[in-house]
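Its first residue numbered 203, the sequence shown is counted upward by one per residue in the working numbering. What follows is a set of notes on a single structure, which appears directly below.
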Amino acid sequence: MSPGWWSPGAMPNERDAARVAEACKLAPVTTALLLVDHGSRRAEANEQLRCMADLVRHLAGRDAIVVHAHIELAPPDMAEGFATCAAAGATHVVVVPYFLFAGRHATEDIPRLARDAAEQVGVSHEVTGPLGVHAAIAGVVLERAGLNPRRSLPDDAPACSGSVEGCQAPYCSARHSA
């Protein structure tokens, strides 16, 4: 199977708040993205979120401060993530649950922890939905299986009840027609 569209060697290696803050001095940025996953006892699993944050940071360029955190089991936790965002100059933090679907962590724990952490450091915040149903994720599924997409996304996406928070138009036929 051919490698994906990105290469880990091409990603920046900014690992601490001081370097993030220094990079942000180039252009005033007041919005931060905080990618949050569960956290793991396995260091390799936690490293994957840091790598994703590096990739998002690279793609965003100077448009956003990008930081990662875990709910539990590994540092940095969400309070540390918010503190890093604030130290880098953020006044607003967009928390992105790095979960596929709208389970308890994404819908209850992360919003509660974000509210507490934002209050502690004095920034505004919002919490997005989880990654959910998205054509890009379907593409990754096919890539991992060694397959190529044979069709483009139809105007009326495959049947979905529309009751799932992470399912968004145009990938959800129920929400797309609304």
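A virtual CB, placed ideally from N, CA and C, is assigned to each residue, including glycine.
| Check | Outcome |
| --- | --- |
| DSSP beta-bridge partners of T330 | Paired residues: none, contrary to the question. |
| Endpoints, the beta strand (DSSP E) within which V335 is located | Element bounds for V335: n/a, residue is neither H nor E. |
| E216 classed as buried or exposed, judged by whether at least 16 other C-beta atoms fall within 10 angstroms | Confidence in E216 is poor, its pLDDT being 48 and thus under 50, which makes the residue's placement too unreliable to answer from. |
| Range of the contiguous beta strand (DSSP E) that encloses P299 | H294 to P299 |
| Inter-residue Cα distance where the pair is F284 and R352 | 42 Å |
| Completely contained beta strand (DSSP E) runs for the stretch 237-269, where each covers 3 or more residues | none |
| Proximal residues to E328 (C-beta, below 6 Å), its chain only, five neighbours per side dropped | V296 |
| Cβ of V238 within 8 Å of any chain B Cβ | Note that chain B does not occur in the displayed structure, where there is just one protein chain. |
| Selection from A292, L257 and V238 that minimises the alpha carbon distance to I273 | V238 |
| Selected residue, minimal CA-CA separation from P313, among T286, M280 and S354 | M280 |
| Which listed residue (L261, V298, G263 and A271) has its alpha carbon closest to that of A247 | A271 |
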